[in-house]
Amino acid sequence: MLDHEANAYVQARAFQIQKEGNSFNGDSFFMKATDEYFICSVADGLGSGLYANQSSDAVRKVIEEHHHEEVEVLMDYCNQALKLKRGATVSVLKAHFQRKEVTYCSVGNIQFVFYLPSGLYIYPIPVTGFLSGKPQTYRIDTFPYEENSKFMMHTDGLHLPSIKQELTRFQSIEDMSNHLKLHMTKRKDDATFLVGQLF
Ligand SMILES: [Mn+2]
């Protein structure tokens with residue numbers, strides 16, 4: 072499954088593939104660009120198959136329905152939605168175009184790196200664990216971005232030799248995405264990546 076989202080301020084692509092033999096993907100993602108902001112999420116449901124999908128898809132639905140909310144509020148909504156479900160690791164990113172600012176929050180093992188053309192890499196530290204409706208504290212990172220900043224998030228089904236290199240090797244999101252797809256052939260686990268560039 073391939074998806075893309077673009078406007079004058081952002082371009083993003085996501086791709087996912089499920090574990091061999093499974094008909095449901097335990098990972099879910101969402102992305103949306105408005106005139107004011109870009110929001111995206113990646114969630115990895117615990118385990119694989121239908122129940123993993125129910126958890127990660129609950130996260131996708133929360134972000135889709137409430138994308139206008141701030142990241143911390145969304146994390147809390149996601150946590151509530153995962154009550155009585157298996158649970159999921161969750162990452163949410165929101166970029167505000169006017170403020171030129173990114174807010175990021177993560178619980179669990181979704182890999183994420185943000186690259187600024189001036190040469191800075193930002194790796195926000197995630198809170199360990201997963202969301203399943205239990206009381207949870209969040210770590211919210213907010214930082215400014217520059218024109219042409221890039222970012223990538225992916226689930227643990229994708230193994231990259233160097234996440235840093237992937238961000239600088241390719242000029243366009245399209246090229247990066249096409250290259251990343253080549254790493255997604257083994258299918259031992261559900262795998263999802265989401266890449267984007269901010270203008
Ligand atoms: Mn996984």
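In short: position in the sequence shown from 1, add 71, done, that's the working numbering. Glycine included, every Cβ here is placed at the ideal spot set by N, Cα and C. For clarity, every value in this text was computed on a predicted model and none was experimentally measured.
- DSSP, read as helix, strand or coil, puts residue 191 in coil.
- Straight-line measurement puts the Cα of residue 159 at about 32 Å from the Cα of residue 79.
- A Cβ-Cβ contact shorter than 9 Å links residue 146 with residue 178.
- Looking only at 198, 89, 188, the smallest Cα-Cα distance to residue 257 is reached by 89.
- For residue 237, the number of other beta carbons within 10 angstroms of its own is at least 16, and it is reported as buried.
- If you check the CB distance, residue 97 and residue 246 do not come in under 9 Å.
- Here the alpha carbons of residue 195 and residue 189 stand approximately 18 Å from one another.
- Secondary-structure assignment with DSSP links residue 269 through a beta bridge to 81, 220.
- Within the chosen limit of 8 Å, ligand 1 does not reach the beta carbon of residue 128 with any heavy atom.
- Each residue's CA atom was taken as its position, placing residue 251 and residue 152 some 31 Å apart.
- When distances are taken from the beta-carbon of residue 158 to the heavy atoms of ligand 1, even the shortest one reaches 8 Å or more.
- Looking at the DSSP output, residue 76 bridges to 83.
- DSSP places residue 122 in the helix class (H, G or I) of the three-state scheme.
- The closest CA to that of residue 204, considering only 148, 128, 114, 217, is found on 148.
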